[in-house]
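Chains as they are written, first to last, in our numbering: chain A, 18 to 77; chain B, 91 to 475. Everything on this sheet refers to the single structure shown next.
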C-alpha cells in the first residue's frame, strides 16, 4: 500500500515537474524569439506591404 | 384458426423488436439525461455545439432495441454505422483533428507578448495530477486514474484522446464529465476566485501587452513543435496538430487550408465526436458507481486546477516588481476551457473595477492551459500507456 502511494506520488511529482520544465523552456524560447526577431513598426509595415503585393500578384 | 395463431406470433415478434418491450429503467434515465443536455444547450446556450451532438448521441445510444436481433444499430455492434464512426474515437483520430482546428483558430499573441503567463497554464495542471492521486486512492487502476485525472485539464478532446488510450471503458463518463464541467465553469470558478484574492489584488491593472511581429507568430508553432518532439514526443498527436494548425493560420500563405481546418473540418469532426461519445454512454456501461466517482473526481479536479492557478499568481507576484504584477483573477484562466475561463476573469474583474479589462491578459494563460494539458496528457501516456 505504502509502495503504491509512493509510486503514485512519484508519477504525479514527475508529471507536474515535467509540465513546468516544458513550459519554462517554452517561456525561454519565446523570450529568445523576441530578442532575435523584435517587433519593429517599420519592419512590420514592410512585411505587410510585401504580403499585399504578393497577394495582388497572385490574384492577377 | 391457424391464420389467427400465425398473426398472433408475428405480432408478438414485432412487439419484441420495439423499444417498449426492451426498455429498462436505465434506458429511461439516460434518455432523460440526453434530453436535459439538449434542453441546457437550447435554453441556456451551455456549450450548444457540443451538448446538442452529445445529448442527441445519448438518445441514439440508449434506444432500447432487441440486441439479439442483430439489427446492427448499436454503437457496440460491429459493422453498424455508429460503430464505424466510433472507431475515430477509439483509435484516437478525432481529437488530433480537433486540435488542428483549434490551432488554426487560436491567436497566441497574448502569450507571446507576455510569455511569463505560460507558467500559469502549467500551474493549473495540478488539477490533473491531484485528481490522479484522488482517483487512485478511491480504488481506480493507475491507467484509469490517469484518464480520470485529465478531466482537470478541462479539455474535451484531450480527455477523449487519453481515455481512449488508457481506459476506454470509462471514456463516456470521462468525456461527459469533462464537457459538463466546462459548461459549468461560470458556476464553479467565481467563488474560489473571490475567496482566494483580496480586494486590492482584484483591482491590479496589468500593463497593456506589447505588439507582436508576424515573424514571432510564425516562429511560435515551429519552436513549440520542436520542443514537443524532443521533450514530450507522446504529446505529438495533439500538440503537433495544434502547432501545425497555428502555422497554417500564421504563415499568411495557406489561408484556405487554415479556413478549412478551423471551419468545415472542425465542425464535421465535432459532430462525429459528440454524437459517438454521446452514443457510447449506454445505460448498461454508463450507469455505474464508477461513473458517479468519475463525476465527483472531475468536479474536484476543476476546483484544484482553479485554486492552483490563482495561488500560483499570488506566489509569482512576490517576485515581480510593482508595475509588473499580475492580477490573480487571471489565475483561473490557466484551466484550458477556451474561452470560458478567460471570460470569467473578465466578468469577475469588472465587478471590482469596471475599467479593468482582463480578457486580453487572461487569454495568455488560457491558451497556455491548452498546451499544458496536452503536455500533461503526453506525460501520463508516457508513464501509463
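Note that beta-carbon positions come from the ideal geometry of N, C-alpha and C, so glycine has one too.
Closest Cβ-Cβ distance between residue i and chain A: below 9 Å?
i: residue 206 of chain B; result: yes
i: residue 33 of chain B; result: The structure shown does not extend to residue 33 of chain B, since chain B spans only 91 to 475, so no value can be given for it.
i: residue 300 of chain B; result: yes
i: residue 470 of chain B; result: yes
i: residue 131 of chain B; result: no
i: residue 223 of chain B; result: yes
i: residue 53 of chain B; result: Since the first residue of chain B shown is 91 and the last is 475, residue 53 of chain B is not available in this structure.
i: residue 232 of chain B; result: yes
i: residue 147 of chain B; result: no
i: residue 170 of chain B; result: no
i: residue 33 of chain B; result: A query on residue 33 of chain B cannot be resolved here, the shown segment of chain B reaching from 91 to 475 and no further.
i: residue 303 of chain B; result: yes
i: residue 306 of chain B; result: yes
i: residue 211 of chain B; result: yes
i: residue 348 of chain B; result: no
i: residue 389 of chain B; result: no
i: residue 201 of chain B; result: yes
i: residue 377 of chain B; result: no
i: residue 179 of chain B; result: no
i: residue 226 of chain B; result: yes
i: residue 219 of chain B; result: yes
i: residue 322 of chain B; result: yes
i: residue 462 of chain B; result: yes
i: residue 265 of chain B; result: no
Please tell me whether, using a cut-off of 8 Å, the distance from the CB of residue i to the nearest non-hydrogen atom of the ligand ZN is below it.
i: residue 193 of chain B; result: The ligand content of the structure shown is nil, which means the ligand ZN is not present either.
Please list the terminal residues of the continuous alpha helix (DSSP H) segment that includes residue i.
i: residue 271 of chain B; result: 261 to 273
i: residue 343 of chain B; result: Unbroken run through residue 343 of chain B: none, as it is neither H nor E.
i: residue 136 of chain B; result: Run containing residue 136 of chain B: none; DSSP gives neither H nor E here.
i: residue 366 of chain B; result: 356 to 369
i: residue 97 of chain B; result: 92 to 107
i: residue 219 of chain B; result: 216 to 227
i: residue 433 of chain B; result: 430 to 442
i: residue 352 of chain B; result: Here residue 352 of chain B belongs to no alpha helix (DSSP H), and DSSP marks it neither H nor E.
i: residue 396 of chain B; result: 379 to 407
i: residue 472 of chain B; result: 449 to 474
i: residue 375 of chain B; result: 373 to 376
i: residue 184 of chain B; result: 184 to 195
Among residues of its own chain, excluding the 5 on either side of residue i, which ones have a beta-carbon nearer than 8 Å to its beta-carbon?
i: residue 334 of chain B; result: 190, 193, 311, 315
Could you pull out every residue in the same chain whose Cβ sits closer than 7 Å to the Cβ of residue i, ignoring the five residues on either side in sequence?
i: residue 75 of chain A; result: Annotation note: pLDDT 45 at residue 75 of chain A (below 50); position unreliable, no value reported.
i: residue 176 of chain B; result: 165, 366, 370
i: residue 230 of chain B; result: 238
Excluding sequence positions up to five away, which residues of its chain have a Cβ less than 6 Å from the Cβ of residue i?
i: residue 102 of chain B; result: none
i: residue 467 of chain B; result: 240, 248, 252
i: residue 436 of chain B; result: 448, 449
i: residue 438 of chain B; result: 280, 283, 419
i: residue 145 of chain B; result: 124, 127, 128
i: residue 451 of chain B; result: 296, 420
Hey, does residue i have any beta-carbon neighbour from chain B nearer than 9 Å?
i: residue 66 of chain A; result: With a pLDDT of only 49 at residue 66 of chain A, under 50, the local geometry of the prediction cannot be trusted, and no value is derived from it.
i: residue 28 of chain A; result: yes
i: residue 44 of chain A; result: yes
i: residue 77 of chain A; result: Model confidence at residue 77 of chain A stands at a pLDDT of 37, short of 50, so the residue's coordinates are unreliable; what they give is reported in the following sentence. It does not: the Cβ of residue 77 of chain A has no partner Cβ on chain B nearer than 9 Å.
i: residue 47 of chain A; result: yes
Report yes or no: is there a C-beta of chain C within less than 9 Å of the C-beta of residue i?
i: residue 466 of chain B; result: In summary, chain C is missing from the structure at hand, where the protein chains are A and B.
Inset, instruction - Tell me, please, whether the segment 383 to 395 of chain B touches the segment 177 to 186 of chain B by the rule of three or more beta-carbon pairs shorter than 8 Å. - result: Under the Cβ criterion (8 Å, minimum of three pairs), the segment 383 to 395 of chain B does not count as touching the segment 177 to 186 of chain B.
Inset, instruction - State whether the segment 335 to 351 of chain B contacts the segment 294 to 313 of chain B, with contact taken as three or more CB pairs (one from each stretch) at a distance under 8 Å. - result: Counting C-beta pairs closer than 8 Å gives three or more between the segment 335 to 351 of chain B and the segment 294 to 313 of chain B, which meets the contact rule.
Inset, instruction - May I ask you to verify whether the segment 229 to 244 of chain B touches the segment 450 to 466 of chain B, counting CB pairs closer than 8 Å and requiring at least 3? - result: Touching, yes, given that three or more Cβ pairs across the two stretches are closer than 8 Å.
Legend entry - Three-pair Cβ contact test at 8 Å for the segment 139 to 159 of chain B versus the segment 369 to 379 of chain B: Flag = yes, the segment 139 to 159 of chain B and the segment 369 to 379 of chain B touch.
Inset, instruction - Specify whether the segment 200 to 214 of chain B and the segment 292 to 302 of chain B touch according to this definition: at least 3 beta carbon pairs, one from each stretch, less than 8 Å apart. - result: A contact is defined here as three or more CB-CB pairs under 8 Å, and the segment 200 to 214 of chain B meets this definition with respect to the segment 292 to 302 of chain B.
Legend entry - Given 8 Å, three or more beta-carbon pairs between the segment 19 to 36 of chain A and the segment 217 to 231 of chain B: yes
Legend entry - At least three beta-carbon pairs within less than 8 Å, the segment 318 to 330 of chain B to the segment 125 to 139 of chain B: No, the segment 318 to 330 of chain B is not in contact with the segment 125 to 139 of chain B.
Legend entry - Any 3 or more C-beta pairs closer than 8 Å across the segment 279 to 297 of chain B and the segment 420 to 428 of chain B: yes
Inset, instruction - Could I get the ranges of all uninterrupted alpha helix (DSSP H) runs contained in the segment 267 to 332 of chain B, with 4 residues as the minimum, in chain order? - result: 275 to 285, 289 to 292, 304 to 321
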